[in-house]
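For reference, the structure is listed below as structure tokens.
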Amino acid sequence: MCDRGSQAFQYGRLELAEEYYWEAVNTAKTFGEFDPRLATSLNNLAVVLRSRGRVRQVEDLYNLALRIWKVVDSGHECMAMSLNNAAGFHQRIGSYAEARQLYKRALEIYEEREQPEDYLLAACLSNLAYLYTQFEKYQQAETLYKRARRIAESILGKDHHNVALVLSGMGDLYTRLKKYSRAETLLVRALECLQRTQGPQHPDVATCLVHMGDLYFQQSRKAGELAMGPSLKRQSVEPLYQAALSIRERRLGSSHPDCAEVYRKIAVILSTQGKPEKAEHLLRRSLQIYLDAYGPYHIEVASCLEDCANLMRQQRRFDEVKKLEERASRLRVRQQELARTKITVFDD
């Protein structure tokens, strides 16, 4: 069942993957409380549920898997895989200090093996690089991405979909660094590879489309084109986001946090096009999704409130601006208290 689940997950068939993994968990339970097969099945199920946006069910599954591996073999590569996946979960819900600690522990296990350089190590390096990218630690992120790319390409070849995932992350990093030509080269290559190997409707394709939309949006903003005349780059932004949204709504459901991300991005574009009502509708929809998925203290909630405030400011609704900004500011302070984000997570 795990093999069938892995195949379904690889091709973006998340509902089917979940069914297979639940069956695998139930079967593995018959082998004993601390059987490695149960830990593997729990980890796989948690990955699928996280991908489907069901974050409230995930933490217990990861904790159970890690508990088993600590008893069976705390230095096993599957322990590292569970740590890596648990780190991704904590990163998603805004527990950044915990995420970094888990990534670091996973890397320690990978590095201690006789043959440390394999794709699992590359994936963990890439995930940690994305965490650093989120917090503008770009030099550290670039170093990690370059190593991840070198390892992945040497083992899998340059045309493998897992290599494309690393390239997509690197493209996002270079967009933030304003190295637009380099970003575009990487993203075009990643998108072509993902569409060819995973199919055009895979969630990983949607993520790459979002990164390309971000690239062209940033280029347009730099040139002052979004509110001005027609531009090929400007005209490309919204269709890329819409294409990504179509995939995510179909594969993940319209209430998934990944859809909320795209709703926000489209709302920003609509606000520059003189369509404030449509923009406000999307922002409020995005905000509600984040609240339902993550609760009131997540960083995305604060970011969405700030986007709403900017939109209200454009419409001179200053009383609402003040309330939204004050609420967002309180959340930012609260996030630092809860997650100890930039202050202690990235003090090196």
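Numbering (the numbering used here), first residue to last: -11 to 336.
The C-beta atom is built at its ideal place from N, Cα and C for all residues, glycine as well.
Setting aside the 5 residues that flank it on each side, LEU52 is surrounded in the same chain by LEU30, each with a C-beta closer than 7 Å to its C-beta; the list follows chain order. The segment 261 to 295 contains, as complete alpha helix (DSSP H) runs of 4+ residues, the segments 264 to 282 (chain order). Excluding its 5 nearest sequence neighbours in each direction, SER259 has C-beta neighbours in its own chain below 8 Å: ALA267, ASN298, LEU299 and GLN302, listed in chain order. LEU26 has its alpha-carbon roughly 8 Å from the corresponding atom of ALA12. The beta carbons of ALA5 and ALA16 sit no closer together than 9 Å. Put simply, the backbone Cα of PRO24 is about 26 Å away from that of GLY0. GLN323 counts as buried, since at least 16 other C-beta atoms from the protein chains shown sit within 10 angstroms of its C-beta.
Counting every other CB atom within 10 Å of its CB across the protein chains shown gives ASP307 a total below 16, marking it as exposed. Counting the other CB atoms within 10 Å of its CB gives ASN150 a total of 16 or more, which places it among the buried residues.
With a 10 Å radius around the Cβ and a threshold of 16 neighbouring Cβ atoms, VAL154 comes out buried. In its own chain, leaving out the 5 sequence neighbours on each side, no residue places its CB closer than 8 Å to the CB of LYS263.
In the structure shown, GLY145 adopts coil according to DSSP, grouped into three states.
Assigned with DSSP and collapsed to three states, PHE22 falls in coil, not helix or strand. Counting only residues of its own chain and dropping the five nearest sequence neighbours on each side, ARG135 has a CB closer than 6 Å to the CB of LEU113. One thing to note: GLU288 has its Cβ no nearer than 9 Å to the Cβ of ALA316. In this structure, the beta-carbon distance from ALA110 to ASN73 does not fall below 9 Å.
Excluding residues up to 5 positions away in sequence, PRO245, ALA248, HIS286, GLU288, VAL289 and CYS292 lie with their Cβ nearer than 7 Å to the Cβ of TYR278 in the same chain. Pairing THR163 with ALA152 gives a Cβ-Cβ distance that is not under 9 Å.
Between GLY159 and the set ARG38, GLU100, THR195 and LEU90, the nearest pair of CA atoms involves THR195. In this structure, MET200 lies away from LEU233, with their beta-carbon atoms at least 9 Å apart.
The Cβ atoms of ALA178 and ASN115 lie no closer than 9 Å to each other. Excluding its 5 nearest sequence neighbours in each direction, ARG38 has C-beta neighbours in its own chain below 6 Å: VAL46 and PHE77, listed in chain order.
Scanning its chain for C-beta atoms nearer than 7 Å, with the 5 sequence neighbours on each side dropped, one finds around ILE143 the residues ASP106 and TYR107, in chain order. By the C-beta density criterion, GLY283 is exposed, having fewer than 16 other C-beta atoms within 10 angstroms. Look at LYS167 here: in three-state DSSP terms it is coil, with no helix or strand label.
Residue range 46 to 60 is occupied by the alpha helix (DSSP H) that includes ASP48. Around the beta-carbon of ARG44, fewer than 16 other beta-carbon atoms lie within 10 Å, marking it exposed. Secondary structure of GLU124 (DSSP, three-state): coil. In terms of Cβ geometry, GLY157 and THR121 form a close pair [threshold 9 Å].
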